[in-house]
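Have a look at the structure below, then the notes.
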Amino acid sequence: MAKFKTIDDLDVDGKRVLVRVDLNVPMMDGKITDTSRIDRVVPTLTELSNKGARVVVLSHFGRPKGRINMEFTLKPVAEALQLALGLGVKFCPESVGDKAAQYINEAAEDEVVMLENLRFHPGEEENDRMFAIRLADLGDAYVDDAFSCSHRAHASIEGLALLLPAAAGRLMQAEVEALTSALEAPEHPVAAVVGGAKVSTKMEVLGNLSAKVDLLLIGGGMANTFLFAKGVDVGSSLCEKDLAADALEIIGSAKEQGCEIVLPVDGVVAREFREGAEALVVELDAIPADSMMLDIGPKSIIDAVGRLEGCKTLLWNGPFGAFEIPPFDAGTNAVAQEAARLTREGKLISVAGGGDTVSALDRAGAKGDFTYISTAGGAFLEWLEGKRLPGVAVLEK
Ligand code: 3PG
Ligand code: MG
Numbered sequence: 272m273a274k275f276k277t278i279d280d281l282d283v284d285g286k287r288v289l290v291r292v293d294l295n296v297p298m299m300d301g302k303i304t305d306t307s308r309i310d311r312v313v314p315t316l317t318e319l320s321n322k323g324a325r326v327v328v329l330s331h332f333g334r335p336k337g338r339i340n341m342e343f344t345l346k347p348v349a350e351a352l353q354l355a356l357g358l359g360v361k362f363c364p365e366s367v368g369d370k371a372a373q374y375i376n377e378a379a380e381d382e383v384v385m386l387e388n389l390r391f392h393p394g395e396e397e398n399d400r401m402f403a404i405r406l407a408d409l410g411d412a413y414v415d416d417a418f419s420c421s422h423r424a425h426a427s428i429e430g431l432a433l434l435l436p437a438a439a440g441r442l443m444q445a446e447v448e449a450l451t452s453a454l455e456a457p458e459h460p461v462a463a464v465v466g467g468a469k470v471s472t473k474m475e476v477l478g479n480l481s482a483k484v485d486l487l488l489i490g491g492g493m494a495n496t497f498l499f500a501k502g503v504d505v506g507s508s509l510c511e512k513d514l515a516a517d518a519l520e521i522i523g524s525a526k527e528q529g530c531e532i533v534l535p536v537d538g539v540v541a542r543e544f545r546e547g548a549e550a551l552v553v554e555l556d557a558i559p560a561d562s563m564m565l566d567i568g569p570k571s572i573i574d575a576v577g578r579l580e581g582c583k584t585l586l587w588n589g590p591f592g593a594f595e596i597p598p599f600d601a602g603t604n605a606v607a608q609e610a611a612r613l614t615r616e617g618k619l620i621s622v623a624g625g626g627d628t629v630s631a632l633d634r635a636g637a638k639g640d641f642t643y644i645s646t647a648g649g650a651f652l653e654w655l656e657g658k659r660l661p662g663v664a665v666l667e668k
């Protein structure tokens, strides 16, 4: 179990407390589509404010690559935070410097200040010491409540924590405690579902996970790369053909380590990726050249659901199909509902993480039954792999 200071160990009364949160929320057409990451930092912010702290909220949003780009402003998120908090949230268009200091000094006692996107500055992602010092100048203490960013050794995560009295926020505590207790010594068999679109971003994860789990169910666009590697003609499906050799290597090494990789045995295809597109169930040897796999097929669903039955622990990141558009949500829904049932009946420990995953489980009506839902995606996966997370490690110093 991680050992770090918490808010209980910090003297915050009358102090300016910089709170790093992860308000990198999913947004579509300017609207926030899931407020989980906002809702779950409310307890920390409220508690600090109640204890007399002058709360300053720090976050990144999207990947503006070190440049000011108003497409990635945190302003709309500040409005949503104000709603969730029930406290005034004053948005400052800068994240360091005189203006930020002025906003903080002039804030009313129960008002929270939220600074603009940290990633408008190149120093954030570079973990630049000067940038961390400029951030530290704005506060007297630091609280990290961004478990979902703890795989990033960035200035506001790592550098800053070394410059001020630092502690973990309540969400950070809850995430580390829940994941540790579920996964430190998981009951076997352990199954992992890894889905989503791009295999290139998760290749390493798959390799590492296969050493830890008994069953690895690969879904989403990623599965196509594996199917292609095994000689399936995947039509016009999303597929990273140049990774075929890596996929075969993972299949081979998983086998050696006693991990079974489960791929779809049939699919649901369509010519277009849109609502109402004509969907067709096909065998793997009959994927039309002009069609793409958008979900696993009925036989694959029966297979996946049946395999869960024998498992004691389930880790889930990434959907099986294009769950945003029915009917391509059928695979994800069916497996999620089965996991929910087994968890309700006390037969399965189920832990899920990742923005898409959580919203898919929510749509399937399964979210409430899972043992634990993490706000983290990338950090959740790296935790599962057993990697050291810089954001957690720095708090343990
Ligand atoms: C996330 O959503 O995974 C975190 O906010 C980290 O964002 P990043 O992947 O752009 O570093
Ligand atoms: Mg990420």
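Using my numbering, the letters of the sequence shown map in sequence onto residues 272 to 668. The beta carbon of each residue, even a glycine, is placed where N, CA and C say it ideally should be.
Within its own chain, the residues whose Cβ lies closer than 8 Å to the Cβ of residue 539, once the five positions on either side in sequence are excluded, are 550, 551, 552, 553, 564, 565, 566, 567, 568, 592, 598, 599, 601, 602, listed in chain order. The shortest C-alpha to C-alpha distance from residue 325 to any of 282, 523, 305, 333 is the one to 282.
Between the alpha carbons of residue 287 and residue 358 lies a distance of about 16 Å.
Here the segment 418-433 lies against the segment 288-305, with 3 or more beta-carbon pairs under 8 Å apart. If you measure from each CB to the nearest heavy atom of ligand 1, the residues under 6 Å come out as 293, 295, 334, 419, 420, 423, 648, 649.
The beta carbon of residue 307 sits closer than 7 Å to those of 629, 646, all from its chain and outside the five residues before and after it, given in chain order. Counting C-beta pairs with one atom in each stretch, the segment 512-528 and the segment 582-590 have fewer than three that are closer than 8 Å, which means they do not touch. Taking residue 408 as the centre and dropping the five residues before and after it, the same chain places the C-beta of 367, 372 closer than 8 Å to its C-beta, in chain order. Just measuring C-alpha positions, the residue of 649, 416, 460, 337 sitting nearest residue 397 is 337. Ranking 391, 656, 474 by CA distance to the CA of residue 341 puts 391 first. Judged by DSSP in its simplified three-state form, residue 446 adopts helix. Cβ atoms of residue 439 and residue 622 stay farther apart than 8 Å, at about 20 Å. The three-state secondary structure of residue 492, taken from DSSP, is helix. Shown here, residue 645 sits in a strand according to DSSP, grouped into three states. Spanning the alpha carbons of residue 488 and residue 311 requires a straight line of approximately 29 Å. Taking the Cα positions, residue 667 is about 5 Å away from residue 275. For residue 362, the enclosing beta strand (DSSP E) covers residues 360-363.
Using a Cβ distance threshold of 8 Å, residue 309 and residue 351 count as a contacting pair. Within the DSSP bridge table, the entry for residue 563 names 541 as partners. Between residue 519 and residue 500, the C-beta gap is smaller than 8 Å, which places the two residues in contact. Under DSSP, residue 277 forms a beta bridge with 439. The three-state reading of DSSP puts residue 285 in coil, since its state is none of H, G, I, E or B. Judged by their CB atoms, residue 491 and residue 467 are nearer to each other than the 8 Å cut-off.
With a 10 Å radius around the Cβ and a threshold of 16 neighbouring Cβ atoms, residue 299 comes out exposed. The DSSP assignment places 307-310, 313-321, 346-356 as complete runs of the alpha helix (DSSP H) inside the segment 297-358, in order along the chain (cut-off: 4 residues). By the neighbour-count criterion, in which a residue is buried when 16 or more other Cβ atoms sit within 10 angstroms of its Cβ, residue 535 is buried.
For residue 587, the pairing in a beta bridge is given by DSSP as 464, 623. In this structure residue 296 does not touch residue 284 by the C-beta definition: roughly 30 Å separates them, more than the 8 Å allowed. Contact between residue 514 and residue 474 holds, with the beta-carbon distance rounding to 6 Å and staying under 8 Å. The alpha-carbon separation between residue 413 and residue 431 amounts to approximately 8 Å. The C-beta separation of residue 537 from residue 562 comes to about 13 Å, leaving the pair out of contact by the 8 Å criterion. Distance from residue 610 to residue 619 at the Cβ level is roughly 6 Å; contact confirmed, criterion being Cβ atoms closer than 8 Å. Residue 291 has 329, 415 as its beta-bridge partners, per DSSP.
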